[in-house]
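I have placed the structure first, in the form of structure tokens, so that the comments after it can refer back to it.
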Amino acid sequence: MRMRGVEFVVVLLLILDFRTALSKNRHHNTWFNNSQSIDHQKRMESTPKLEQEANLNIYSNRSATENSYTEWSKWGRCINCLQRRMKVCIHHKCHNSRMYEERECHKKRCKRKKKKLIAFHIVHTNTSSSYLTKQAPSVIWSKWSKWTECSFSCRTYRIRNCKKPGRCHKQSQTEYAYCYHERTKCEDYVLNIVAAQQRSFLDKRYQYAYHNNQFIARESRSKADQCGLTFSKPRMLKIIGGSEAQRYKWPWHAAILNQFKEVFCGGTLIAPKWVLTASHCVRQKLRVRLLAHDLRSTEGNDIEMSVSKIFAHPSFELKTVDNDIALLMLPRQVRVPVACLPTKKPKAGQLCSVMGWGKIHTSDMFGVSVLHEAKLPLVTHKRCRKAYKEFLISTNMMCAGWRSGKADTCAGDSGGGLMCPNRKKIYSIQGITSFGDGCGGRNKFGIYTAVYNYIDWIRYIIDLHT
């Protein structure tokens, strides 16, 4: 009996030890499981964050793509039971690209004709003046056919036939265009071609080649030759008493807009992110419009953006209008030709050009909606001071104009550039339209800020904020 009692006690102790060990093991396992669950929870918490960030990136890319285009234009008139509307890409990477959309007209005769809703990217590289004429309905030619499907070579075409063989040089006309679907190789290819064509008249800096499924850009010319080239040969046009300037002839000329989006000054693009203007044009909120020609047009290739930073010259004096120069920093770089900065002072008698949307006549209440230009000779300081005895004409100023006053800048032209060519017809901005006594008055010249005196300041500001 005594041995049995001892055995019972030993067995009982063994059972208690086993339970204690089991409970300890359970405790350690629970800690391990808890640590695993905590890590798992952290991963579960971090995963949605990563997904959320990815979704935000996708959303931002989408919104950036959507913001690259203007708003849809109004629906056009009904042609062959179809109406068309368009939006233009304003982003520098897809400049000149247009998206068209067609819909069925809301007319009884068209209800029976069911036509597909079409949306496509198409890029016209034809810049001839007859292009728009070809789009209009013609007595001689039939209506244009639909654009063909975008091919593997990123091209599409459409055809129209001759209705009156005796008056046509050929039986049919074919119009070709580049095309692309989003997020395809064709998109890169076409947009590269567009960018190259925009720069080809300037310096042909980039040559695009397709090799091993990659687009390669080769740089072929020095940076010294990348500024100051106009689109075409200059013509004698005037602002006061003048006529319309050639479209996009002065690609670097910018319109400066106030907070109400009214054009009140001009400017000159001197670097991909910098516009040079007059200090008296500076306001708290400014916008810049580039490649503008007709301010009323909504279907152009204009690039408009808010000014990121404003740098008025620290020594600008409002009373004497001395040091009337300012730099506007854009929020991003633009692919637009720039004007050259002067390397030497201009000579009196040299013919230079001014441009702007200012008044044509002194009596006009408002400026013009279409860009105008004029050629003006530079005047000596002595003659300028003689004409403006009541004003301080400092060495930071220069004068230009005709004694007869047949051409001059006027209200609304302020801030624009006085562009002077060299022997190679490369234009540099020698002056900034500042002030004058009236517009086009006899023996009253326009006063311009002498840009050459501020080259060091301009480069300092640009280098400091680049």
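FYI, in mature numbering (1 follows the signal peptide of the UniProt record, and there is no 0) the residues of the sequence shown are -23 to -1, 1 to 443.
For each residue, glycine too, the CB sits at the ideal point set by N, CA and C.
This structure is a prediction, so every number in the text was calculated from the model and none was measured.
Practice problem: Measure the C-alpha to C-alpha separation of glutamine 327 and glycine 408 and round it to an integer number of angstroms. | Solution: Computed Cα separation, rounded: 13 Å.
Quiz item: How big is the Cα-Cα spacing for cysteine 82 and glutamate 48?
Solution: Roughly 21 Å separates the two Cα atoms.
Self-check item: Minimum C-alpha distance to cysteine 156 - residue among Thr125, Ile136, Cys87
Solution: Thr125
Practice problem: Compare the C-alpha of arginine 132 against each of Lys162, Ile438, Ile117 and name the closest. | Solution: Lys162
Quiz item: Are the CB atoms of valine 313 and leucine 268 nearer to each other than 8 Å?
Solution: Yes, the Cβ-Cβ distance between valine 313 and leucine 268 is below 8 Å.
Quiz prompt | cysteine 87 to cysteine 58 span [Cα, whole Å] | solution = Roughly 5 Å separates the two Cα atoms.
Exercise. Would you identify the three-state DSSP class for alanine 255, choosing helix, strand or coil?
Key: coil
Practice problem: State buried or exposed for threonine 245, treating a residue as buried only when at least 16 other CB atoms are found within 10 Å of its CB. | Solution: Buried: at least 16 other Cβ atoms inside 10 Å.
Quiz item: Roughly how many angstroms separate the alpha carbons of methionine 332 and lysine 141, rounded to a whole number?
Solution: So the alpha carbons of these two residues sit roughly 45 Å apart.
Exercise. Mind the definition here: the stretch 226 to 244 touches the stretch 256 to 268 only if three or more C-beta pairs lie below 8 Å; say whether that holds.
Key: yes
Quiz prompt | Selected residue, minimal CA-CA separation from alanine 154, among Tyr134, Tyr225, Asp165 | solution = Per the Cα distances, Tyr134.
Quiz prompt | Proximal residues to serine 50 (C-beta, below 6 Å), its chain only, five neighbours per side dropped | solution = Arg62, Met63
Quiz item: Under a Cβ-count criterion, where at least 16 other Cβ atoms within 10 Å of its own Cβ denotes burial, should glutamine 184 be classed as buried or exposed?
Solution: Since pLDDT at glutamine 184 reaches only 34, below the 50 mark, its modelled position is unreliable, and no value is offered.
Quiz prompt | As assigned by DSSP and simplified to three states, the class of histidine 270 | solution = Here histidine 270 sits in coil by DSSP.
Quiz prompt | cysteine 329 in three-state terms, based on DSSP | solution = Correct three-state label for cysteine 329: strand.
Practice problem: Check residue 456 in the structure and name its three-state DSSP category. | Solution: No information on residue 456 is available, as it lies outside the stretch -23 to 443 that the chain covers here.
Quiz item: Quick one: what does DSSP say valine 347 is sitting in, helix, strand or coil?
Solution: strand
Practice problem: Would you kindly report the start and end of the unbroken alpha helix (DSSP H) that includes leucine 441? | Solution: 432 to 441
Quiz prompt | CA nearest to the CA of serine 391, picked from Trp52, Ser122, Ser256, Gln150 | solution = Ser256
Quiz item: Helix, strand or coil for arginine 20 per DSSP?
Solution: Only weak support exists for where arginine 20 lies, its pLDDT of 38 falling under 50; the value from the coordinates is given anyway. Three-state result, arginine 20: helix.
Exercise. Please work out which residues of its chain come closer than 7 Å, Cβ to Cβ, to asparagine 430, disregarding the five sequence neighbours upstream and downstream, and give them in chain order.
Key: Around asparagine 430: Asn373.
Quiz prompt | Residues sharing a beta bridge with phenylalanine 129, DSSP | solution = For phenylalanine 129, which the question treats as bridged, DSSP gives no partner whatsoever.
Quiz item: According to the Cβ coordinates, are leucine 304 and tryptophan 251 closer than 8 Å?
Solution: yes
Quiz item: Leaving out five residues before and five after threonine 357 in sequence, what residues of the same chain have Cβ atoms less than 7 Å from its Cβ?
Solution: Here threonine 357 has Ala325 as same chain residues with Cβ atoms under 7 Å from its own Cβ, once five neighbours each way along the sequence are excluded.
Practice problem: Go ahead and label threonine 426 buried or exposed: buried means 16 or more other beta carbons lie within 10 angstroms of its beta carbon, across all protein chains shown. | Solution: buried
Practice problem: Identify which residue in Lys85, Pro308, Phe422, Asn169 has its Cα closest to the Cα of lysine 366. | Solution: Phe422
Quiz item: Which residues mark the beginning and the end of the alpha helix (DSSP H) in which cysteine 361 is found?
Solution: 358 to 364
Quiz prompt | For leucine 355, three-class secondary structure by DSSP | solution = strand
Quiz item: Nearest CA to the CA of serine 115: which residue from Cys242, Glu294, Asn138, Ala289?
Solution: Asn138
Quiz item: What do you get for aspartate 433, buried or exposed, if any count of 16 or more other CB atoms within 10 angstroms of its CB means buried?
Solution: exposed
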